[in-house]
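5 is the number of the first residue of the sequence shown in my numbering; add one for each residue after it.
Every residue gets a Cβ at the ideal spot worked out from N, C-alpha and C, and that includes glycine.
Okay, structure first, notes after.
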Amino acid sequence: MPTKTNGASKASLSNHLGLENEKMWSLNESLNKLLSDYHVFYQNVRGFHWNVMGSDFFDLHIKFEELYKQVNKNIDELAERIVTIGYRPLHAFSDFLSNASLQEIKNVKDGKQCVSHVINGLGMLIGEHRKYAADSDEAEDIVTTDMLTKFTGDLEKRLWMFTMFNK
Ligand SMILES: [Fe+2]
């Protein structure tokens with residue numbers, strides 16, 4: 005079960021989309037958990053972008069930037085979906101940290117180690133997308149399922165590329 009988000013995401017609209025309240029509440033909790041992990045991942049990737057050193061600097065500096073920009077777009081779309089379905093997205097870093105499963109990564113500068121953390125983070129996020137897409141499917145929330153599926157396709161492609169880099 006997803007953790008309660010201390011009331012910050014309490015329903016502001018009641019079943020206005022005609023979807024089942026209980027399932028949507030639970031989905032909202034899951035999406036806020038995903039939003040929290042996305043924020044930790046975003047900041048980790050920014051750190052890799054700034055701190056990476058070595059002969060792959062130019063490649064990785066750019067690739068990390070491409071990744072965090074995409075993550076930033078996903079974050080905004082996800083948060084606005086939470087609002088659309090009638091709930092409130094978390095928006096304080098203290099809440100993100102207490103809800104996230106992903107760990108903060110600090111002071112890593114070796115390119116392969118940075119990429120390894122990116123691979124782990126992407127894998128974890130992809131797993132969450134799949135799990136929550138099953139929940140939105142169950143709630144007949146086809147738009148959230150579609151959004152999560154679209155995000156997963158993009159993240160999987162990036163995961164493939166970063167995996168090839170570290171071979
Ligand atoms: Fe930059």
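Item                                                                                                                                                     : Value
Classify D114 as helix, strand or coil using the three-state DSSP reduction.                                                                             : strand
Taking contact to mean at least 3 C-beta pairs separated by less than 8 Å, is the region 142–156 in contact with the region 92–104?                      : no
Can you tell me where the alpha helix (DSSP H) holding L21 begins and where it ends?                                                                     : Looking at the DSSP string, L21 is not in any alpha helix (DSSP H), and its letter there is neither H nor E.
DSSP puts M57 in a beta bridge; with which residues?                                                                                                     : D114
Whose CA, out of K110, N19, N78 and F62, lies closest to the CA of N48?                                                                                  : K110
Roughly how far, in whole angstroms, is the beta-carbon of L35 from the beta-carbon of R92, given that I think they are within contact range, below 8 Å? : At roughly 11 Å, the Cβ-Cβ gap does not stay under 8 Å, so L35 and R92 are not in contact.
Determine the contact status of D139 and L71, defining contact as a CB-CB distance below 7 Å.                                                            : no
Whole-angstrom Cβ separation of Y42 and N19, contact assumed at under 8 Å?                                                                               : Actually they are not in contact, since the Cβ atoms of Y42 and N19 sit about 27 Å apart, beyond 8 Å.
Could you check the C-alpha separation between E24 and G127 for me, to the nearest Å?                                                                    : 30 Å
Run through DSSP, which three-state label would I109 get?                                                                                                : coil
For the alpha helix (DSSP H) containing G157, name the first residue and the last one.                                                                   : I146 to F169
Got a sec, what are the start and stop residues for the alpha helix (DSSP H) L101 sits in?                                                               : F97 to N103
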